[in-house]
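Chemist: Sharing a structure here in structure tokens format.
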Amino acid sequence: MKRKFLAIVAVLTVLLSGCSSEDDGKIHMPFGGNDYDGANYQEIVSQLEEAGFTNIREEPLGDLVTGWLNDEGEVDEVSVDGDTVFSTDSKYLPDVEIVVSYHTFPDEEEPSTEDKNSHLESNEESSEVENETSENTESTNEVPEENLTPENNEDLAAVLSATNELDPIYSEFAEKYKNQIIEFDACITYLVNHGDNDTRYDLLLSAGDYVDENTVNPGPIFKFEDVNTYGMGIEDLYLPDYISIGSNIHVTAEIQSFSENEGVFFLNPVKVVPR
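Just so you know, the sequence shown maps onto residues -22 to -1, 1 to 253 in mature numbering (1 follows the signal peptide of the UniProt record, and there is no 0).
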């Protein structure tokens, strides 16, 4: 009976050692499949190399037209061994194929000598007309919209100075200026991880300087929901020291909506800097 027991133990030991050896040499992904939104591909490649991965392929998409929706070099997708679903708990061999695809402007073909000569002749013929109309063209060119600030927009100034928690001007402002960009001085009053995600966060903000946890500043409660560092214009996967409760910051963000049920004004961050 004793011999039989020892034999069973020996078999189990071999099986367990075999299972543990299957993970030998594997390394964790430095980020999850949802953690690279807004990141530059060079930063992502650098993190993968620092983690120990050796078979990384960069894939430019050549899909940008104006650069309005995405920045040049912004990551579109990361796939590991053909799979785009992974987390920081996922482990792979160092030489697994990782493809980092990112947004770029399309490569333009070099024009032939014939095309160049034709283009020069065309330019010479049209130069006089262009000179005559240049002043009119300049006067009719659209000027990029300026970010809304308390200094250049009375409505925003009124919102940031309102003392009623559910002031109707919050909803009116959100509807009137939806998707426009605002800038203002703020402070962080609340900060937690979004769900179980270690690199995505929910933040509550108030206008002005932080006083203490019992002081309510004028204006609505602003919220960044389910955001990562790249979404806040921070070129690092993890939060810097100035993204913490009590920090005074300068916020650039896109207007989303005001929820009367929650009493929260939702913003989509563009950039957050210390002050």
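Ideal Cβ positions, reconstructed from N, Cα and C, are used throughout, including at glycine. Note that this is a predicted model, so its numbers are computed, not measured.
1) Taking the alpha-carbon of residue 76 as reference, which of 27, 51, 193 has the nearest alpha-carbon?
2) Here's the rule: buried if 16 or more other CB atoms are within 10 angstroms of the residue's CB, otherwise exposed. What is residue 153?
3) Compute the Euclidean distance between the alpha carbons of residue 166 and residue 15, then round it to the nearest angstrom.
4) Please return the same chain residues whose Cβ sits closer than 7 Å to the Cβ of residue 63, not counting the five positions on each side in sequence.
5) Determine, using beta-carbon pairs with one atom in the segment 230 to 244 and one in the segment 193 to 206, whether at least three such pairs fall under 8 Å.
6) I need the straight-line Cα distance from residue 233 to residue 156, nearest angstrom please.
7) For residue 22, which residues in the same chain have their Cβ closer than 8 Å to its Cβ, ignoring the five residues on either side in sequence?
8) Residue range of the beta strand (DSSP E) that residue 185 falls in?
9) Would you mind reading off the limits of the alpha helix (DSSP H) that contains residue 134?
10) Taking its Cβ as the centre, do 16 or more other Cβ atoms sit within 10 Å of residue 141, making it buried, or is it exposed?
11) In three-state DSSP terms, what is residue 150?
12) Where residue 43 and residue 139 are concerned, what is the direct C-alpha to C-alpha distance, given to the nearest angstrom?
13) Grab the span of the beta strand (DSSP E) containing residue 251 for me, first residue to last.
14) Checking 8 Å against the spacing of the C-beta atoms, do residue 81 and residue 129 come in under that value?
15) Candidates 33, 18, 67: which alpha carbon is nearest residue 48's?
Modeler: Once the coordinates are examined:
1) 27
2) exposed
3) 22 Å
4) 11
5) yes
6) 5 Å
7) 9, 14, 53, 56, 78
8) 179 to 185
9) 132 to 139
10) exposed
11) helix
12) Distance between the alpha carbons of residue 43 and residue 139: 40 Å.
13) Per DSSP, residue 251 belongs to the beta strand (DSSP E) from 242 to 252.
14) no
15) Checked all of 33, 18, 67; the closest Cα to residue 48 is 18.
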